[in-house]
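In order, the protein sequence lines correspond to chains A and B. Taking the UniProt record's numbering, the leading residue of the first sequence gets 1, the next gets one more, and so forth. Taking the UniProt record's numbering, the leading residue of the second sequence gets 1, the next gets one more, and so forth. Glycine included, C-beta positions come from ideal geometry on N, C-alpha and C.
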Amino acid sequence: MTALLEVKDLVVAYGKIVAVKGISFIVGEGEVVTLIGTNGAGKTTTLRTISGLLRPAGGSVLYRGEDISATPAHQIVGLGLAHSPEGRRIFPRMSVEENLLLGAYGRRDNDIDRDLKAAYELFPILGERSRQHAGTFSGGEQQMLAMGRAMMSRPKLLMLDEPSMGLSPLMMKRIMSTVTTLREQGTTILLVEQNARAALKIADKGYVLEVGQIVTEGTGQELLHSDEVRKAYLGED
Amino acid sequence: MSTITSSSTTTGRERLGLRLALAGGALLLVSGLLSWSFEPIFGDISIRLWPVSLQVFAMLIGLTAVALALSPTVLRRALGWVHAGPGLWALGIGATAYTALSLAAIAVEAGGLINANEGAWIALVGALLLLGGGWMVRDRPRAPEAFSAQGPATVEIVTIVAICALALAAAAYALGRDDAWVFVLFLLTLGVIGTALARAEVFEWLGGAAGRHQHVLTLGAFAAAFLFPFTQDGSEINMSIATLVLIFAATAIGLNIVVGLAGLLDLGYIAFLGAGAYVGAIFSGSVSSSIGWTPPFLVTALMGGLFAALLGLIVGSPTLRVSGDYLAIVTLAFGEIFRLAMFNLDGNNGPDLTNGPNGITAIPNLSILGFDFGESHTIAGVELSRAANYYLFMLFITALIVLIFARLNNSRIGRGWVAIREDERAAEAMGVNVFGLKLLAFAGGAFLAGVAGTVKAHYDTSVTPDQYQFLESAFLLAAVVLGGMGTIAGVILGAVVLKLMPEKLRFFSEYRLLLFGLLLVIMMRFRPEGLVANKRRQLELHDDDQDRAAQTDRSPQTKEALQ
């Protein structure tokens, strides 16, 4: 399995505060990889750095072997990395369709309409309400829109930042099963989650972050059954 | 669903209210045929059966009232979709204000209320009846037709064309009023009828119709604007005001790209107009310009635009990277720096380019392809004065700017701007080149202002630093905000109101700023989205208004349920 994304010794700082202290991990093509950890562990910062919204203070981000740590954010999307940000960040006063079209902002090909249909197939509710303002949606629907929007750029690698945040258990299941579907359709996924159990269940590989450093890594099943992880993140004794 | 079932039955109270309003409207109509004063003031309102000025305005209000009051019954087939209740209520308040102000005008001009004749009093009675009737029907629910109102295409097109013609007539009439009272009362009448129609949701229908026949509307509006000089019969004063309005409007639309579309607060926009004007003046061949070279005007216009855009890039590239209010501060400072720089480039403190505080004067008239803008030309038997030449040329430039605005608004770039306004960080994550798009809006807006400035220099015949002070930037911004950010029609309307009022109300010029301030405060309180609302802006500004949001979301389904 070849590495689609390789993060090497990444250091990210907000002024003097170092949020990510030299982490390294690999996302192989076709995998679901998850980063888990508590608040402030540096998960979101890592994602934002990969997608170019933050600049690293050290280390590198290799996408298909090329360093993209200095590439502007709008070009990174064009390379095939899509980022569904924390808190969903949909455009509330734009219609569902406009939101989706913004996901395809960097594309200039003629297949956008087809992908719009594909997004509506993936999430039928979006198709039913394509003209409705996204701000009127419930949390789960907004998460679907955020994922549909990210998929509109035809990413090779989809980065999801806490997709289960604030969702009902039922909706969370629905979102997680969609992640699996997307993987089956050939999209590589980097999933950041606080809900460790749900994420590890579907992940091939997992990395546990603690205050900016990777403390444990392994396959999803390994981590799910490791005593350390169970105590710290799954709330089990 | 409850609103729809209840509307099919008209309660007794509503029936009485409609009758009262009808009677009030009829009285207003009749009052126009009577004598309003014993003195022959305001174009002689003392004669019976010969309605002029105030009398005509009263009749217009009366006509609107009659149409609204009859819409649920006699005129149901044609106007059943009108939301008569709130419309009549607004009209009642407005009509009362109008007649009261008319009586005040008569009292002031003719020397006391004793000089008001029966017509004015009957109009007051009519207005009060209308007010009472309006109050009784103000909660009347929408008619079921309101949800599916769509006229035949021909009717809609004819309506649009008629409105363009009416706008032309109204503009020509307003410009021709020399009496400040008549002018104010005319504006009030337009405002009253406009508000009433807005409350009656006529503009929703019109908006739909305009959306379905956008090209007709655009062409009609430009045809009306094009025909305007031909209605003025060589009147240089009116045409020069109209040209000033048009230059102002074109600049305001340019600013609207920056403010309304990209959401960047630019407080120094007038400097870009000034930059263009200075380029136009310096290369005009004027004696007071230190550069003797005079390229063809199209080259000068392009140079003016590019110079302004270059300034835009210089100011924008460091500031647009940071979000927030920095841009407002920097542009405010830039406007002042520009003015002071022009003030000082007189040879004493730097290169002799602008002739300092005296400015560049005696700028010759434009001459494009042998057409001399300084001379009168007779076309189709109508004399077109110097101002009319510039007016028509500015109209052409305005059309270009409107075209650019519309194309940008409906493009991928336009969608990117909306996304930036909504959530800059999310837009960036979507692959929107935030900085690039902002810079495009900023420099592009500057370019358009620069081009307009080169024409303005020739029209004004002189360019001095104090023409381009901060106050002018504030007025441009006021036109955009007052008219409706992100819309073309709104900004043109805002520009017309803001530029026409001081020209026509010279006696008011000392209090002009006070009046504008008051107007803006009132607007921000009651209609923050501006006279003509951009749908998305309306949503942004009325986020708390749950009813409205629910209404707009539900209406398609409701429509389906009705069919």
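task = Could you please tell me which residues of the region 78 to 89 of chain A, in chain order, have their CB closer than 7 Å to any CB of chain C?
result = The structure shown contains no chain C; its protein chains are A and B.
ask   = Is the beta carbon of G87/A less than 8 Å from the beta carbon of M144/A?
value = no
inquiry  = With H, G and I counted as helix, E and B as strand and the rest as coil, what does DSSP make of D139/B?
reply    = Coil, per DSSP.
task = Tell me the start and end of each unbroken alpha helix (DSSP H) in the region 1 to 81 of chain B that is at least 4 residues and wholly inside, in chain order.
result = 2 to 7, 12 to 31, 53 to 70, 76 to 79
ask   = Distance, Cα to Cα, T3/B vs A209/B?
value = In this predicted model, T3/B has a pLDDT of only 42, less than 50, meaning its place in the structure is not dependable; the value taken from the coordinates is given anyway. Cα to Cα, T3/B sits roughly 25 Å from A209/B.
task = With V33/A as the anchor, note down where its beta strand (DSSP E) starts and where it stops.
result = 32 to 37
message = If you follow the beta strand (DSSP E) that M152/A is in, where does it begin and where does it stop?
response = From DSSP, M152/A is part of no beta strand (DSSP E); its letter is neither H nor E.
C-alpha distance - I17/A paired with K43/A, whole-angstrom precision = 15 Å
ask   = Which of the three DSSP states, helix, strand or coil, is assigned to E529/B?
value = coil
task = Could you tell me the distance, in whole angstroms, from the CA atom of F516/B to the CA atom of L273/B?
result = Taking C-alpha positions only, F516/B is separated from L273/B by approximately 22 Å.
query = So, L217/B versus I160/B, is the Cβ gap smaller than 8 Å?
reply = yes
ask   = Distance, Cα to Cα, L18/B vs I522/B?
value = 30 Å
key: Straight-line gap, Q221/A to K201/A (C-alpha atoms, nearest Å)   = 7 Å
key: Selected residue, minimal CA-CA separation from T398/B, among P465/B, A250/B, P229/B   = Measuring C-alpha to C-alpha distances from T398/B to each of P465/B, A250/B, P229/B identifies A250/B as the nearest.
task = Could you check which residue in P357/B, A69/B, A426/B has the C-alpha nearest to that of F338/B?
result = P357/B
query = Could one say the Cβ of M430/B lies closer than 8 Å to chain A's Cβ atoms, at least one of them?
reply = yes
request  = Use the C-beta contact count for Q232/B: other C-beta atoms within 10 angstroms, 16 or more gives buried, fewer gives exposed.
outcome  = buried
query = Using a beta-carbon distance below 8 Å, is R525/B in contact with chain A?
reply = At least 8 Å separates the CB of R525/B from every CB of chain A.
Residue range of the unbroken alpha helix (DSSP H) whose run includes G450/B = Where G450/B is concerned, the enclosing alpha helix (DSSP H) starts and stops at 434 to 460.
request  = Can you pull the chain A residues whose beta carbon is under 7 Å from the beta carbon of G316/B, in chain order?
outcome  = Within chain A, no residue comes near G316/B; the closest Cβ sits about 17 Å away, beyond 7 Å.
ask   = Can you tell me whether S289/B is buried or exposed, with buried defined as 16 or more other CB within 10 angstroms of its CB?
value = buried
task = Return helix, strand or coil for Q469/B, following the three-state DSSP convention.
result = coil
Straight-line Cα distance separating A119/A from A550/B = Bear in mind that a pLDDT of 42 at A550/B, under 50, signals an unreliable position, so the number given afterwards is only what the model happens to contain. Their backbone Cα atoms lie some 26 Å apart in a straight line.
task = Using alpha carbons as the reference points, say which of V30/B, L477/B, I488/B, Q55/B lies closest to L408/B.
result = I488/B
query = In chain order, what residues of the region 137 to 165 of chain A put their CB closer than 8 Å to some CB of chain B?
reply = R149, S153
task = Grab the span of the alpha helix (DSSP H) containing G484/B for me, first residue to last.
result = Where G484/B is concerned, there is no enclosing alpha helix (DSSP H), given that its DSSP letter is neither H nor E.
request  = Helix, strand or coil for N164/A, going by three-state DSSP, please let me know.
outcome  = A small fix is needed here, since residue 164/A is Ser in this sequence, not Asn. When secondary structure is reduced to three states using DSSP, S164/A falls in the coil class, being assigned neither helix nor strand.
message = Closest to M239/B by C-alpha separation, out of S376/B, V259/B, L369/B, N355/B, would be which residue?
response = S376/B
Neighbouring residues, chain A, relative to E529/B (Cβ below 9 Å) = Within chain A, not a single residue places a beta-carbon under 9 Å from that of E529/B; the smallest gap is close to 13 Å.
inquiry  = For E118/B, would you say it is in contact with chain A, using Cβ-to-Cβ distances shorter than 8 Å as the test?
reply    = Cβ-Cβ to chain A under 8 Å: no for E118/B.
query = If we cut at 8 Å on Cβ distances, does Y105/A have a partner in chain B?
reply = yes
key: Spatially closest choice to G218/A from E228/A, V211/A, G212/A, by CA coordinates   = E228/A
ask   = For A196/A, does the count of other Cβ atoms within 10 angstroms reach 16, so buried, or fall short, so exposed?
value = buried
task = Locate the alpha helix (DSSP H) running through E128/A, then write down its first and last residues.
result = 124 to 128
query = Taking the alpha carbon of F57/B as the point to measure from, which residue in L265/B, P86/B, Y98/B has its own alpha carbon closest?
reply = Y98/B
request  = Measure the Cβ-Cβ separation of A362/B and S411/B and say whether it is below 8 Å.
outcome  = no
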